[in-house]
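Keeping their order, the protein sequence lines are chains F and B. Residues 1 to 277 in full-length UniProt numbering are what the first sequence lists, from first letter to last. Residues 1 to 434 in full-length UniProt numbering are what the second sequence lists, from first letter to last. Quick reminder that beta carbons are idealized off the backbone N, C-alpha and C, glycines included. What follows is one structure encoded as structure tokens, with my remarks underneath.
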Amino acid sequence: MSGHSRTSLHLQSTSLFGFLVRNRDLVLEMARRDIRERYADRLLGAFWAVFSPLFLMGVYVVVFNFIFRVRQSDIAHLPGDYTTLLLSGLIPWLVIQAVLSRAVVSISGQPSLVRQVAFPTAVLPIKTILSEAPLIVTTTLVFLVYHLAIVGLPHWTALLLPVYWMAFGLYVLGLCLLLSSLAVFLRDLNEMIVMVFSVGLFLSPIMYIPGATVGWLEWVFYLNPFSYPIWVHRDIAFFGSITNPTAWVGFAALTGLFLFVGLSVYRRVENRFGDVL
Amino acid sequence: MSVPAVAREPAISVQDLKKTYKIYRKSSDVLGELFGRQPVVDHVHALNGISFDVGKGEILGVLGRNGAGKSTLLKLLTGVIDPTGGSITIRGRISQVLELGTGFSAEATGRENIFLGGLCLGMSRAEITERVDEIIAFSELGEFIDRPFRTYSLGMQARLSFAVAFAMRPEVLIIDEWLAVGDAKFGVKCYDRIREFKREGTTIVFVTHNYSTVTEFCDQTMIIDKGAIHFIGAPEEAVFRYSQLLFGAQAAERPAPAAQVATQGDSQDIDRVLATLPHDFSSRFGDGQARVAAVSVESNGALTTVLRSGDKFALRIFIDVLADIEEMIMGFYIKDRTGRSVVLVTNVLFPDTLQIKNLRAGTRLEATFDATVTLSAGYFFLGIALARPDAMKLDQVDRIHMIEVIGSPQVLAESIVNVFPTLRINGAATASKP
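Dropping the structure here:
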């Protein structure tokens, strides 16, 4: 017999791991529901799951391959073409954007669950991460297929991608907890996030050729916390080796930092959701 | 009724429970406060220190007007919000039905929602899998169970919500307004389930506006008013206290014998009746040569529209005569919620003694029927009709009062008409007195 004794309800009174184990059924079911609602129950069904990220990637590829042309000499020393370079940075960016923009409203958008039932609210931001699994899988497949067709066999390190995405899940988990809980009290946080994302693409190491950017932009990259998972993904999927050790260390450090801050803030404010919603 | 206090620990102990809501100017002020700043706030005291116990296996009913603090109490009990002061001790696994369809997804089928809703209520996947057939059977949804939830009628949504909630095996169950749903037949099923819960020793707290539920199911009933306990005790007593709370305090405080003296033709009386009982004159017809000015319903010494099965009540009709009328027929009728007349009484049923003749314009007439409440629990509508002997209507007011009849232990809920018989048994000595 399970059921919510009060200890399983709040992140406050349990470890993150314990919380996840106890509420795993709920997290999985809600994520599954999310996915079905967004894709399977739509008119064009799973088509959107494949099409919308493809379309986005296509737009970026067209813009940067044909409009803002890159000089061939700039990328000659790289192990892939410009498109694979672009995609390997774009994929984690798209996923971060998707997860965080949904996580921000994950609690404030469910007032009845928060107000009416003794409900483990932390399930809401956590499941938004899993809900993006179709996006991760389709974009990754597109990348691998393109790589295979145009550049050749992907690096062996591509086998590490599942491990990367698990680490990525921990990286965004802290951020999700932080943003979702703060957004309950800060109603304009959602708008702020939208703004951050609209400029973030240009301030992240995605469309630029490594080593060929202006000096101050490099500094921006290092200040931008989203750069680190992008660099790591690019190392794994594009370079096939660790070209930027700082990024790996930074990725791990930021994951720990975000989890610490996210959990601390969440635990502090979760009892007050009911007062505001 | 009352559980002997033989070292039995109460399932729920509430001690000096307080809840003060802070009304912030901005929701971000909450955040500021959590991190040490002192924002400007207004305080709303929802509960001002209430204490009560609920014994294991007992049912506590909670009555109260809107804003009295009922919802706050339920949310505190379920742990949705934290108290400002005092303590709550709950012994056992707690579960709740505070809102219908919580956690349900509109796009998902009924079957999928059983899992989603069940998980949201705190069941495990294994538990739900084990009971999914039982849940579907209880919901009576049949083949609809595999259609999307959004295609369900409100009644079907309610049925599924309750089926899921009732599939739990909690030790303490908190229910909000659970009678407001479904059709009558499903309601009966819900009652049965509640009885079963009670037999299994589940402790139940529920908020309701339905008096008859209180008298039929509760061991104790609590009235909350203005954040404090107005009354806690026997359900029958609570219902009367509550109706007095609702329909005018002066009626309750007025000593009964004095009232009877004062009733005879006092014009202040009609004002009091009109002020105390909400009259509905919106549906009236007739030529208006005589008009119903007010109708009082009095039972157990108080003006009230809440009557208990088996009790005596007095129905007093105040009539303004506006033209000279040779003879008038006067009567009242009671309709049930479907509009069917279940009671119809006129003065011509007393042919010798009560003819109403030679009425003068500008006078006022008072007619009082004394009767017994033979109806069982439910909502009814009282109508008054005044007519000439040739059936020309002078005035008829349909649904002037809504009457709520509450059950009594002597009357079964299914017994629509009650005759309050006496009983003799000859032969085997089976009768016994407690």
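Bounding residues of the alpha helix (DSSP H) (the contiguous stretch that carries residue i)
i        : result
Lys75/B  : 70-78
Met392/B : That residue, Met392/B, is in no alpha helix (DSSP H); it is neither H nor E in DSSP.
Ile136/F : 133-146
His233/F : 227-234
Asn190/F : 189-200
Thr243/F : Careful: Thr243/F lies outside any alpha helix (DSSP H) and carries neither H nor E.
Ser139/B : 125-139
Glu366/B : Premise fails: Glu366/B lies in the beta strand (DSSP E), 364-372, not in any alpha helix (DSSP H).
Ala167/F : 161-185
Phe17/F  : 16-22
Ile114/B : 110-120
For residue i, three-class secondary structure by DSSP
i        : result
His43/B  : strand
Gln244/B : helix
Val123/F : helix
Asp34/F  : helix
Glu404/B : strand
Leu259/F : helix
Asp225/B : strand
Pro154/F : coil
Thr128/F : helix
Arg267/F : helix
Val214/F : coil
Ser296/B : strand
Thr102/B : coil
Tyr152/B : coil
Arg69/F  : coil
Asn358/B : strand
Asn418/B : coil
Assumed close pair residue i, residue j - CB separation to whole angstroms, cut-off 8 Å
i        : j        : result
Val54/B  : Val205/B : 6 Å
Gly86/B  : Gly49/B  : 6 Å
Leu359/B : Val321/B : 5 Å
Thr102/B : Gly407/B : Between Gly407/B and Thr102/B the Cβ distance is about 30 Å, and since that is not below 8 Å, they are no contact.
Phe251/F : Pro229/F : 6 Å
Asn347/B : Ile329/B : 7 Å
Gln97/F  : Glu270/F : Incorrect: roughly 25 Å between the Cβ atoms, too far for contact.
Residue i versus residue j: straight-line alpha-carbon distance, rounded
i             : j        : result
Ile91/F       : Phe64/F  : 15 Å
Ala294/B      : Gln396/B : 12 Å
Ile334/B      : Glu143/B : 41 Å
Arg308/B      : Leu365/B : 28 Å
Gln289/B      : Ala385/B : 13 Å
Gly215/F      : Arg125/B : 55 Å
Met222/B      : Pro148/B : 40 Å
Asp275/F      : Val41/B  : 13 Å
Ala256/B      : Val14/B  : Note that Ala256/B scores a pLDDT of 35, beneath 50, so its modelled location is shaky; the value from the coordinates is reported in the next line. Each residue's alpha carbon lies about 36 Å from the other.
Gly233/B      : Gln220/B : 5 Å
Val342/B      : Lys312/B : 18 Å
Phe221/F      : Arg33/F  : 36 Å
Val30/B       : Phe47/F  : 43 Å
Pro389/B      : Arg316/B : 22 Å
Pro235/B      : Cys218/B : 7 Å
Val70/F       : Tyr82/F  : 8 Å
Leu26/F       : Ile135/B : 19 Å
Gly231/B      : Glu237/B : Residue identity check: residue 231/B is Phe in the sequence provided, not Gly. Answer to the nearest angstrom: the Cα atoms are 9 Å apart.
Ala167/B      : Leu119/B : 12 Å
Pro10/B       : Ile94/B  : 14 Å
Thr78/B       : Ala122/F : 17 Å
Thr213/F      : Leu173/F : 31 Å
Gly265/B      : Ile224/B : Residue placement at Gly265/B is poorly supported in this model, since its pLDDT is 45, which falls under 50; the coordinates still yield a value, given next. Cα to Cα, the separation comes out at about 37 Å.
Asp280/B      : Asp287/B : 19 Å
Asp82/B       : Arg340/B : 49 Å
Val99/F       : Cys190/B : 42 Å
residue 517/B : Glu191/F : With chain B covering only 1 through 434, there is no way to say anything about residue 517/B.
Start and end residues, beta strand (DSSP E) containing residue i
i        : result
Gly85/B  : 85-90
Arg102/F : Where Arg102/F is concerned, there is no enclosing beta strand (DSSP E), although the alpha helix (DSSP H) it sits in stretches over 82-104.
Leu17/B  : 12-24
Glu326/B : 325-336
Leu203/F : That residue, Leu203/F, is in no beta strand (DSSP E); it is neither H nor E in DSSP.
- Message: Contact between the region 190-209 of chain F and the region 125-132 of chain F is defined here as three or more beta-carbon pairs at a separation below 8 Å; is this criterion met?
- Response: no
- Report yes or no: do the region 399-416 of chain B and the region 369-378 of chain B share at least 3 C-beta pairs separated by less than 8 Å? As far as the Cβ criterion goes, the region 399-416 of chain B touches the region 369-378 of chain B, which means the pair count is three or higher.
- Task: Determine contact between the region 173-189 of chain F and the region 91-110 of chain F, defined as no fewer than three beta-carbon pairs at a distance below 8 Å.
- Result: yes
- Can you find at least 3 beta carbon pairs, one from the region 101-115 of chain B and one from the region 33-45 of chain B, that sit closer than 8 Å? no
- Item | Touch test, the region 223-236 of chain F against the region 154-164 of chain F, Cβ-Cβ under 8 Å, three pairs minimum | Verdict: yes, contact present.
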